[in-house]
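Undergrad: In the working numbering, the protein residues as written are 24 to 199.
(1) Measure the C-alpha to C-alpha separation of residue 36 and residue 99 and round it to an integer number of angstroms.
(2) Within 10 angstroms of the Cβ of residue 172, are there 16 or more other Cβ atoms? Answer buried if so, exposed if not.
(3) Count the other CB atoms within 10 Å of the CB of residue 43; is the residue buried (16 or more) or exposed (fewer)?
(4) Can you name, in chain order, every residue of its own chain whose Cβ lies under 6 Å from the Cβ of residue 91, other than the five neighbours on each side?
(5) Since residue 51 and residue 38 should fall inside the 8 Å C-beta cutoff, what is the C-beta to C-beta distance between them, to a whole number of angstroms?
(6) In angstroms, rounded to a whole number, what distance separates the CA positions of residue 106 and residue 187?
(7) Assign residue 40 to buried or exposed, taking buried as 16 or more other Cβ atoms, counted over all protein chains shown, within 10 Å of its Cβ.
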């Protein structure tokens, strides 16, 4: 699953070069965020960090969406169907390669007989406890001061940006 998510993230990163409309690029960033959160959730024992990361990125994307929709509100969104076919074919190739690479999993037994022994053995081979990162390492005594300084710095930056920004000028001004 990690290899599949990594391949999909690389494909989405390459696809970003071919999009010119801001909303389609925002959609690609949202999909990339979902894959990043899933991948980080697989590496850490808990999904709380991934959940917080996703909510943070989603809040930033909402602000970005409001800004882009106010700046480029009348731009036409055109789909290139040739490019859509290339994306679909590359997605099918990635799925086939993924199934070919994980032939040891014996997918027919997994889907039809509900035998999970092969899956657990294969899963434990890559995701044992030695390879997982514990979330408590982020908030232990050695890194506590650095985390508190980072939180205070981000809060001061937020307050400074709010005070500097004048809401009556610029693209986010209220319409009358």
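Beta carbons: idealized from backbone N, C-alpha and C, even for Gly.
Because the structure is a prediction, the values reported are computed rather than measured.
TA: Well, looking at it:
(1) The residue given as residue 36 occupies position 13 in the chain shown. The residue given as residue 99 occupies position 76 in the chain shown. Using only the alpha carbons, I get a separation of about 23 Å.
(2) Numbered from its first residue, the chain shown carries residue 172 at position 149. Exposed, because fewer than 16 other Cβ atoms sit within 10 Å of the Cβ of residue 172.
(3) Within the chain shown, the letter at position 20 stands for residue 43. Exposed, since its Cβ has fewer than 16 Cβ neighbours within 10 Å.
(4) Counted from its first residue, the chain shown places residue 91 at position 68. Cβ neighbours of residue 91 within its own chain (closer than 6 Å, five residues either side excluded): 45.
(5) In the chain shown, residue 51 corresponds to position 28, counting from 1. In the chain shown, residue 38 corresponds to position 15, counting from 1. Going by Cβ atoms, the distance from residue 51 to residue 38 rounds to 6 Å, so yes, they are a contact pair.
(6) On the chain shown, position 83 is the one that residue 106 refers to. On the chain shown, position 164 is the one that residue 187 refers to. Each residue's alpha carbon lies about 43 Å from the other.
(7) Taking the first residue of the chain shown as position 1, residue 40 is located at position 17. Exposed, since its Cβ has fewer than 16 Cβ neighbours within 10 Å.
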